[in-house]
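For my numbering, add 212 to where a residue sits in the sequence shown, where the first one is 1.
Below is one structure, written out as C-alpha cells; comments come after it.
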Amino acid sequence: MSRNILIISPHLDDAALSLSQHILYWLAKGDTVTIATLFTRGSVEQQTLYTARKAEDLEAAAKLGATSIYLNFLDAPFRFLEPISYTNILSWPTQPSIEEAVMKELTTILHSHQFDTILAPLGVGNHVDHRVAFNAAHALSYKQTLYYEERPYAIVPEHIQMRTGEPVSFDASFWERYWSTGYISSFSEQKDHKNIMELYEKEGTRAEQPKLVRHSSMHNHKLAQQSLAVVSLYKTQTPALYPHPQEFQDLYLNTPETLWILQAHDNPLMQNNCRVEKI
213 MSRNILIISP HLDDAALSLS QHILYWLAKG DTVTIATLFT RGSVEQQTLY
263 TARKAEDLEA AAKLGATSIY LNFLDAPFRF LEPISYTNIL SWPTQPSIEE
313 AVMKELTTIL HSHQFDTILA PLGVGNHVDH RVAFNAAHAL SYKQTLYYEE
363 RPYAIVPEHI QMRTGEPVSF DASFWERYWS TGYISSFSEQ KDHKNIMELY
413 EKEGTRAEQP KLVRHSSMHN HKLAQQSLAV VSLYKTQTPA LYPHPQEFQD
463 LYLNTPETLW ILQAHDNPLM QNNCRVEKI
C-alpha cells in the first residue's frame, strides 16, 4: 500500500542532504513525498543568494521526484540581533513565538493532506533552526513521526548521542577530531572554541532530552550514487559543508541514512523499535 509522506526540512537543502536515498526508495515503491521547508528567507541583502538556493532546491526535488512547499520563515541569522557566529547558531534559544508559528503552519499542512508519516530533523548538531523543527514536530504528536539524522552534522557521531540521550565523552581526541571535521572547520573560528566546548559539556549532560531509539537504516549502492548526484546540485552550499572531498564521498557512498523514533513510553503508537529497510 502506498503512503503519503511529509518531510520537514529546516532549510533549503536539509531533506535532500539527509534523506535522498530514502526519498528515492519511497518514490520507487509508489509512495508520495512532500518536502515542507521552514526557513527559506534571508535579509534583503541576501535575496540573490536565497533565490539561488531555492532554485537549487527545486532542481534537487525535481530530480528526486518530490513535491516542495516553502513556509518562508526567516533564517536564524536574520532573526537575532547578535552577530552571526558558529557559537550563536548553536546556542541561540528556539523562541516560543517561532515554534508556535511553525506549528501553526505545519498543522495547516497536515489538515489539508492525508499524510501517513512525517519525518522531522533530529536536531543533530544543535543548529537552532533544527531544534525548532524538532520541537515543533515533537509537540504536534502526529500519528507516526520519525526523526532523521541531519547531514553533515551526523558526521560527528557524538552529535547523535547528544540528541538521543546516550552518554557522551568530550575528551581531547574528540575535540581534535571535531575541529578538523569539514563543515566545522568552514564555519567556526578560534574564538568559538572555548564557548563551544562549554556548550557541549552542558548539552551532553541534559536529562530532559526525549529518549529515542533507532527505527531503521538504509544504504544501497545504486541509491547512494544517485543521492550523491542530487546533493551535488547544491552548489552554493556544498563547498563549505563538505570542503574535504573524501569526507563528502564517504558520507554519501558508504554511510547509511538512519531514522529514529521516540521510545515506547513517550510514543504509545510505536510498534517496532528497530528494523532495517530491505532493498
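Ideal Cβ positions, reconstructed from N, Cα and C, are used throughout, including at glycine.
Computed from a prediction, not measured in an experiment: that's the story for all the values here.
Assigned secondary structure, residue i (DSSP; H/G/I helix, E/B strand, else coil)
{"i": "residue 315", "result": "helix"}
{"i": "residue 278", "result": "coil"}
{"i": "residue 224", "result": "coil"}
{"i": "residue 239", "result": "helix"}
{"i": "residue 385", "result": "helix"}
{"i": "residue 234", "result": "helix"}
{"i": "residue 249", "result": "strand"}
{"i": "residue 216", "result": "strand"}
{"i": "residue 360", "result": "strand"}
{"i": "residue 427", "result": "strand"}
{"i": "residue 490", "result": "Low per-residue confidence applies at residue 490: pLDDT is 38, beneath 50, and the placement is therefore not dependable, though the value from the model is reported in the following sentence. Residue state, collapsed to three classes: coil."}
{"i": "residue 469", "result": "strand"}
Cβ-based neighbour list, residue i, same chain, cut-off 8 Å, excluding 5 preceding and 5 following
{"i": "residue 231", "result": "219, 331, 360, 469"}
Supposed contact pair residue j and residue i - C-beta distance, whole angstroms, cut 8 Å
{"i": "residue 298", "j": "residue 225", "result": "Not really, about 18 Å apart at Cβ, beyond 8 Å."}
{"i": "residue 283", "j": "residue 249", "result": "7 Å"}
{"i": "residue 272", "j": "residue 445", "result": "5 Å"}
{"i": "residue 223", "j": "residue 328", "result": "Between residue 328 and residue 223 the Cβ distance is about 25 Å, and since that is not below 8 Å, they are no contact."}
{"i": "residue 276", "j": "residue 228", "result": "7 Å"}
{"i": "residue 278", "j": "residue 304", "result": "Residue 278 to residue 304, Cβ: 29 Å. No contact."}
{"i": "residue 307", "j": "residue 216", "result": "Residue 307 to residue 216, Cβ: 30 Å. No contact."}
Same chain, Cβ closer than 6 Å to residue i, neighbours up to 5 away in sequence not counted
{"i": "residue 380", "result": "370, 373, 374, 416"}
{"i": "residue 453", "result": "364, 395"}
{"i": "residue 475", "result": "423, 425"}
{"i": "residue 221", "result": "227, 247, 249"}
Residues near residue i in its chain [Cβ-Cβ closer than 7 Å; skip 5 each side]
{"i": "residue 413", "result": "382"}
{"i": "residue 362", "result": "226, 230, 333, 334, 336, 337, 342"}
{"i": "residue 238", "result": "217, 245"}
**Report entry** the stretch 440 to 455 in contact with the stretch 229 to 246 per 3-pair CB rule at 8 Å
**Finding:** yes
Query raised in the report: Looking at C-beta atoms only, is the number of pairs between the stretch 390 to 403 and the stretch 251 to 259 that lie closer than 8 Å three or more?
Result: no
Report task. Specify whether the stretch 453 to 468 and the stretch 427 to 437 touch according to this definition: at least 3 beta carbon pairs, one from each stretch, less than 8 Å apart. Result -> yes
Query - Uninterrupted beta strand (DSSP E) stretches inside the stretch 279 to 354 (no shorter than 3 residues) - result: 279 to 286, 329 to 333
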